[in-house]
Amino acid sequence: MTQTASLADRTDAAAGPGQGRDVRSPARRARRRERAAQWLFLTPALVYMAAFFGYPIVKNVVMSFQDYSVSSLYTGTAPFAGLLNYRAILSSGLFGQLAWNTAVFTVLSLAGQFTLGLGLALFFARRFPLNGVIRALLLLPWLLPLVASATVWRWMLGQDNGVVNALLGLAHLAPATGVPWLSSTSVALFAVILVNIWIGIPFNMVILYSGLREIPEEIHEAAALDGARAIARFRYITWPMLRPVVTVVLVLGFIYTIKVIDIILVVTGGGPANASQTLAVQSYQLSFKEFLFGQGAAMGNVLILISLVFALVYLRFNRAALRTGGEL
Amino acid sequence: MTRPAARNWRSTVLAVLILAVLLFPVYWMINTSLQKNATSFATSWFPLHPSLSGYR
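One line per chain: the protein sequences are W and A, in this order. Counting from 977, one number per residue, gives the positions in the first sequence under the numbering used here. Counting from -8, one number per residue, gives the positions in the second sequence under the numbering used here.
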């Protein structure tokens, strides 16, 4: 539509600028052409978004209201089921445990990643030889494919022959039989949290480190001259000035963590006895293990809703951070 | 003059230790991949007899 308009403009222009009815049109034509150019630049992004984000989400919402089963894959039709899928997942008796597991997984992962990431960022903000090289190497866990690193962790966490238990045994920190990382219902969730923390440290460290670098050195020097100790400087200078970055890291970390599925699938598979099962993993298993696509979609939508709330929080804080950034 | 420099190197040593702990899984992945008979039952600490058979 806009393309044909710009085409018409061009033929107008070709017809000659000296025509009487086009007295004020050069400016308007230029503006219209600019409009068309803007739309042309936007179109690929919009088509991409509609195809790869819009369509799956709409399809997911529709599916969650249908009785979509294996036979639907052949017939292509699925009867409308109303809220039955949602009722099924919410009243399955498992939902409470899943929500609790998801909350524990997300909160503890975030806390661990953030604390260790911040500690490392503060440590690497100091000047010492080989700082840059070591910092770059620390990014390695982030670069490895998740399935590969999760597989390595599954070997390492084995109860009898895993290297983690061997190391703990050498240090006399574990019972003689070893810690049943993956086979005990009370430990499995913490095992996957441990793996997830390990994977998340580089991300937290990098973002917080760049945030630390943004804080002008002079402020620290002035405070040091005024007699502020390291702890006071952190409390009254670093932390307040790092706050916008902290918010961004935590909210993005939340959104990345709550939908983690690959790590849990590989390390424990959600077991034993659903001990490390989260909403995201259950959504996958409902859809692709039990072929209850409708219920899987409903579970996915519950997750999307939770993430959406935090995405909105993120956007708000981001705008606030931009505003305060402008003031500085 | 020597003191701050010495402290700087101490930071480097600490950084290398942190690196060793955090990259241990990566080492373990490479270590296991180079051992011919590595199973989940027996993996030695170092690839003393490295073999590329895992990659073939």
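A virtual CB, placed ideally from N, CA and C, is assigned to each residue, including glycine. Everything numeric in this text was worked out from a predicted model, so none of it was measured.
Reduced DSSP secondary structure (H/G/I, E/B, other) of residue i
i: F15 of chain A; result: helix
i: F1269 of chain W; result: helix
i: I9 of chain A; result: helix
i: F1056 of chain W; result: strand
i: F1253 of chain W; result: A small correction: the amino acid at residue 1253 of chain W is Gln; Phe does not occupy that position in the sequence shown. Here Q1253 of chain W sits in coil by DSSP.
i: Q1258 of chain W; result: helix
i: Q26 of chain A; result: coil
i: Q1042 of chain W; result: strand
i: I1237 of chain W; result: coil
i: S1160 of chain W; result: coil
i: S1186 of chain W; result: helix
i: N1137 of chain W; result: coil
Test: residue i CB closer than 8 Å to a CB of chain W
i: A11 of chain A; result: no
i: L14 of chain A; result: yes
i: S42 of chain A; result: no
i: S2 of chain A; result: yes
i: T(-7) of chain A; result: Here T(-7) of chain A scores only 47 on pLDDT, less than 50, and its place in the model should not be relied on; the value that follows carries that caveat. False, the Cβ-Cβ gap to chain W never drops below 8 Å.
Proximity test, Cβ basis, 8 Å: residue i and chain A
i: I1183 of chain W; result: no
i: F1041 of chain W; result: no
i: P1105 of chain W; result: yes
i: V1139 of chain W; result: yes
i: V1128 of chain W; result: yes
i: I1110 of chain W; result: yes
i: L1116 of chain W; result: yes
i: L1146 of chain W; result: no
i: I1177 of chain W; result: yes
i: L1149 of chain W; result: no
i: L1113 of chain W; result: yes
i: L1120 of chain W; result: yes
i: L1304 of chain W; result: Confidence in L1304 of chain W is poor, its pLDDT being 39 and thus under 50, which makes the residue's placement too unreliable to answer from.
Own chain partners of residue i with C-beta closer than 8 Å, once the 5 adjacent residues on each side are dropped
i: L43 of chain A; result: L25
i: L983 of chain W; result: With a pLDDT of only 47 at L983 of chain W, under 50, the local geometry of the prediction cannot be trusted, and the value read off the model is given with reservation. The answer is none, since no qualifying residue turns up.
Residues of its chain near residue i, where Cβ-Cβ distance is below 7 Å and the 5 sequence neighbours each way are ignored
i: A1287 of chain W; result: I1231
i: P1248 of chain W; result: S1159, T1161, A1164
i: A1064 of chain W; result: Q1271
i: L1070 of chain W; result: N1250
i: V1285 of chain W; result: none
Rounded distance between the beta-carbons of residue j and residue i, thought under 8 Å
i: W1157 of chain W; j: V1140 of chain W; result: 7 Å
i: L1242 of chain W; j: V1083 of chain W; result: According to the sequence displayed, residue 1242 of chain W carries Val and not Leu. With a Cβ gap of about 22 Å, V1242 of chain W and V1083 of chain W do not count as contacting.
i: L1188 of chain W; j: A1101 of chain W; result: 5 Å
Contacts of residue i in chain A (Cβ-Cβ under 9 Å)
i: F1071 of chain W; result: The premise fails here: F1071 of chain W is roughly 33 Å from chain A at the closest Cβ pair, so nothing lies under 9 Å.
Same chain only: Cβ atoms within 6 Å of residue i, ignoring 5 sequence neighbours per side
i: L1094 of chain W; result: L1184
i: I1237 of chain W; result: A1256, V1257, Y1260
i: A1273 of chain W; result: N1036, M1039, S1040
Contacts of residue i in chain A (Cβ-Cβ under 7 Å)
i: R1102 of chain W; result: S2
i: I1231 of chain W; result: Correct list: empty, because the minimum Cβ distance to chain A is about 24 Å.
i: L1165 of chain W; result: Residues of chain A passing the Cβ test: none, with the nearest at roughly 19 Å.
Per-residue contacts from residue i into chain A (C-beta, under 8 Å)
i: W1131 of chain W; result: W19, T23, S31, T34
Closer than 9 Å at the beta carbon, the chain D residues around residue i
i: S1125 of chain W; result: Absent from the structure: chain D. Protein chains present are W and A.
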